[in-house]
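What follows is a set of notes on a single structure, which appears directly below.
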Ligand SMILES: Cc1cc2nc3c(=O)[nH]c(=O)nc-3n(C[C@H](O)[C@H](O)[C@H](O)COP(=O)(O)OP(=O)(O)OC[C@H]3O[C@@H](n4cnc5c(N)ncnc54)[C@H](O)[C@@H]3O)c2cc1C
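Below, the structure is given as structure tokens:
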């Protein structure tokens, strides 16, 4: 039997693509190498009673258009907004974060009255950039080098958006897209802690430091999402990030799609420049009219497609696509809530994210270690305790702590990570938390430590890059992943890619998967009726 | 000093809270710039009647207040704002506004000249970074004194009489002038200003003396009909007067997400305040170009609407079909017995000919659509002579 489409990988983007195709009437199979689904949007129980968000841990980017199209709430998805967070300072002070505008202003004013008011101007400017970029998320980027009618139409559309901007805004936009976050924040703020807090979103998942040009854009990538229209807000998926992929899988099955786990793809079959299906490890062959890879572009093309079936310059570009890993993760089962003496009793900060990096300089020094091929001795950590809000992930009174860590290089001084390196990395992170929460270590029941090595081995993220390729401007829009192939196609006819390596990039967003489905359906001359275009919320 | 646990009460209490809270029978509070103030103590219609019939007290402490001092304070304000601050006499106040370089309004407010080199700027929004950045090259100091000054608006035809009874002789005080009087150990500054279009004053003192002031005014004023009023009644009065409110009648330029949402002073009907010849000021070049090129995109107008259904939030149409503008404030005016509105109309419809308003009239849970012709009318809608008379009338 021949499937209309086989999707390689049950990451959230692969599942999104599969859902749209199945809804349009295609016979769809998803094959996943792991015994579980989810890719980097996954929740597993590694120690009894505790569910982790093993990779991604917070949601904001996931497009509500997709949640609605695929009826994910009916399939169990619930997004919980959260509030709070704090940067703990070295001397015992802190800067807290509040959803309430007045409370947040006063908190900033504790550190700098001027910056407290500058924050509104800054937010306005970042929101203006969001207004520009958000409509681009659910559109295939046009290829400026080709003159096909649809590319021309899209270019014109973008031109129209740009021409609506004033000269000052265009100048501001170019600055924003090219600057370092450090320089960008200097335009608005004077206080080091405030700047350290705001710089965080610009380094998450990227192998750039806060002083590297281009890091400001990464901030936008983390700001342009929303929780129910609240732009820039983040939330938890109830039950962990795996709840998103569970809901997608349920939605897929309800429209007739199939998922096979424990089914790793060995090879994409190509005959006469066209794919005919895949062979799994172990030899099973699956025939399909089209093959859609959710793996990153490097893994797909360099490991599973015969070199002879690809043009040389394409291979060269794929090989040069930057996937430098920079992040690690600790997932911790806790016997109770750790106490941070700097925070007032009952502080809401514990319901949001906690940082211990109180200046941009410290953040940059953490990056210096990465450049030298080492994990950061004084790392940046984004620490959260989702169970402060979500009652479903642990037994009552117990907690799950998620620690996202930077920086961790793909290789240690040029050689592969060892178990000893991984343990030393984990210890460094635990020690740092202990410094701000004495007694914390006594609460630890179980720890999962993940370096780029583990991320690559489990999820297949090449070099452990969490976005399936860096989000630098040179790898965005029509350059993602490779010039000429930003439309989710590949040099092999009927072989597509739908993961975060494609526009608009990484994060649990679903947009690449949805856009790929739009192209595939258009190519198959099937209706894309049940697919929402981007909604305006600003 | 901001206390560490400030977030437990995101809306702060004003210095008058110990008095306003027990009087607030409905416990109906509104948020204003991070403070809570009564929206309505018990009955907005009665409170509005107080404004137009006797005298009312309204807590204006949350208003943002910046103190600007220094040998070049007047030069600085001349550069910053639209009117000629150098010509503002000591002891006087003027209503002014300021714009960004593109000539788009950032806020309006009142500027008090407390001394030759000493000013206070009262406004709705926060502007510290802008004020500080604009001070480059000027010998001035700028500080936020919002929570160091408690303010009360005493408004209504009997307000001068209340002040006289309280021992503050303001009979010689002209509109937009101020005078200072002793109050317990400190003092109170009284300016003949307000937001109701009626006879009225604003009283300024320290948070420490706030309750003394309230009690003193109430003790002498209550027999004359002095009552506290909430924001709802004041907003009705300001609409009758035709005054603008930032973020209700226009979006301040520094907050606009859409570039076309901003407005120039000419587009807001504030062209009269621009002192074109005073020398350079921020926005001047853009405003000159707008004036000379007649490139204003909008006009702010006062409208008279048939019937009695308030047109709040309504859309205006030319020839009943083409969208031509929108209403930002409207009410059935109890004082004027007229249905009035403040609206933005596209410049080419500024004469308001063949202009219609679409109103959804709520009648027992059901909306009925009305399409009514509008008439352009003078603003302020309500401007009684008593507001200007010096000495002021007894009622
Ligand atoms: C540690 C970490 C923290 C993160 N935190 C956040 C966050 O908080 N919020 C956020 O929005 N984003 C976060 N991200 C990023 C986000 O999770 C990813 O960008 C996104 O989940 C990638 O989804 P995807 O569907 O494109 O690909 P993937 O999730 O990478 O899916 C690829 C799938 O292909 C499968 N696969 C690989 N090889 C084969 C094979 N040979 N055969 C069959 N299947 C195969 C993999 O097992 C996987 O299931 C984080 C990522 C990581 C790693």
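Chains as they are written, first to last, in the UniProt record's numbering: chain H, 1 to 538; chain W, 1 to 395.
Note that CB positions come from ideal geometry on N, CA and C, so glycine has one too.
Every value quoted in this text rests on a predicted model; they were computed, and no experiment measured them.
- prompt: By how many angstroms is the C-alpha of residue 339 of chain W removed from the C-alpha of residue 309 of chain W?
  reply: 7 Å
- request: Confirm the yes/no value for this check: CB of residue 304 of chain H, any heavy atom of ligand 1, distance under 8 Å.
  value: Checking the Cβ of residue 304 of chain H against ligand 1 gives yes.
- request: Check whether the Cβ atoms of residue 221 of chain W and residue 160 of chain W sit closer than 9 Å, and answer yes or no.
  value: no
For residue 298 of chain H, the nearest candidate out of H/156, H/310, H/369, H/108 (CA to CA): H/310
query: Taking Cβ positions only, does residue 82 of chain H come closer than 9 Å to chain W?
result: no
- request: In angstroms with no decimal places, state the Cα-to-Cα distance between residue 379 of chain H and residue 335 of chain H.
  value: Distance between the alpha carbons of residue 379 of chain H and residue 335 of chain H is about 24 Å.
- request: For chain H, find out if any of its Cβ atoms is closer than 9 Å to the Cβ of residue 31 of chain W; answer yes or no.
  value: With its beta carbon less than 9 Å from one in chain H, residue 31 of chain W belongs to the interface.
Cutoff 7 Å; reference residue 212 of chain W; Cβ partners in own chain excluding five residues on either side: Here residue 212 of chain W has 183, 184 as same chain residues with Cβ atoms under 7 Å from its own Cβ, once five neighbours each way along the sequence are excluded.
task: Output yes or no for whether 9 Å exceeds the beta carbon distance between residue 197 of chain W and residue 342 of chain W.
output: no
field: Under 7 Å by beta carbon: chain H residues contacting residue 2 of chain W
entry: Within chain H, the residues near residue 2 of chain W are 106, 109, 110.
- prompt: Can residue 8 of chain H be considered in contact with ligand 1, in the sense that its beta carbon sits closer than 8 Å to one or more heavy atoms?
  reply: At least one heavy atom of ligand 1 is nearer than 8 Å to the Cβ of residue 8 of chain H, so yes.
query: What residue range is occupied by the uninterrupted beta strand (DSSP E) comprising residue 495 of chain H?
result: Per DSSP, residue 495 of chain H belongs to the beta strand (DSSP E) from 495 to 497.
task: Identify each residue in the region 119 to 131 of chain H for which the Cβ-Cβ distance to at least one residue of chain W is less than 8 Å, and report them in chain order.
output: Within the region 119 to 131 of chain H, the residues whose Cβ lies closer than 8 Å to some Cβ of chain W are 120, 121, 124, 127, 128, 131, listed in chain order.
message: Just list the residues that DSSP pairs residue 40 of chain W with in beta bridges.
response: The bridge partners DSSP lists for residue 40 of chain W are W/28.
query: In whole angstroms, what separates the C-alpha of residue 409 of chain H from that of residue 285 of chain H?
result: Rounded to whole angstroms, residue 409 of chain H to residue 285 of chain H spans 37 Å at the Cα level.
message: Rounded to whole angstroms, what is the Cα-Cα separation between residue 21 of chain H and residue 62 of chain H?
response: 19 Å
query: Would you say residue 381 of chain W touches ligand 1, meaning its beta carbon is less than 8 Å from a heavy atom?
result: no
field: Cβ neighbour criterion (16 or more within 10 Å) applied to residue 145 of chain W
entry: exposed
message: Is residue 433 of chain H near ligand 1 - that is, is its Cβ less than 8 Å away from at least one heavy atom of it?
response: Result no, Cβ not under 8 Å from ligand 1.
Chain-ordered neighbours of residue 117 of chain H on chain W, where CB pairs are closer than 8 Å: 126, 127, 128, 129
message: Between residue 100 of chain H and chain W, is any beta-carbon pair separated by less than 9 Å?
response: yes
query: Closer than 8 Å: is that where the CB of residue 531 of chain H sits relative to any heavy atom of ligand 1?
result: no
message: For a quick check, are the C-beta atoms of residue 264 of chain H and residue 10 of chain H less than 9 Å apart?
response: no
task: Could you have a look at residue 55 of chain H and say whether DSSP puts it in helix, strand or coil?
output: Residue 55 of chain H: coil per DSSP, three-state reduction.
- request: Kindly identify the DSSP beta-bridge partner or partners of residue 331 of chain W.
  value: W/340
- prompt: How would you label residue 147 of chain H, buried or exposed, when you count the other beta carbons within 10 angstroms and need 16 or more for buried?
  reply: Its Cβ having fewer than 16 others within 10 Å, residue 147 of chain H is exposed.
- prompt: Using 9 Å as the limit for Cβ to Cβ distance, is residue 344 of chain H near chain W?
  reply: For residue 344 of chain H, the nearest CB of chain W lies under 9 Å from its own CB, placing it at the interface with that chain.
field: Sequence-distant residues of the same chain with beta carbon closer than 7 Å to residue 79 of chain H, five excluded per side
entry: 59, 227, 235, 237
query: Would the beta-carbon of residue 507 of chain H be found less than 8 Å away from any heavy atom of ligand 1?
result: yes
message: According to DSSP, residue 250 of chain W sits in a beta bridge with which residue or residues?
response: W/246
- prompt: If you compare alpha carbons, which of H/370, H/458, H/154, H/241 is closest to residue 509 of chain H?
  reply: H/241
- request: Report yes if the C-beta of residue 310 of chain W is less than 8 Å from at least one heavy atom of ligand 1; otherwise report no.
  value: no
message: Could you check whether the Cβ of residue 134 of chain H sits closer than 9 Å to any Cβ belonging to chain W?
response: no
field: Residues bridged to residue 401 of chain H (per DSSP)
entry: As a beta-bridge residue in DSSP terms, residue 401 of chain H pairs with H/332.
message: I'd like to check one pair, residue 247 of chain H with residue 73 of chain H: are the Cβ atoms closer than 9 Å?
response: yes
message: So if I threshold CB-CB distances at 8 Å, which residues from the region 232 to 257 of chain W count as touching chain H?
response: 254, 255, 256, 257
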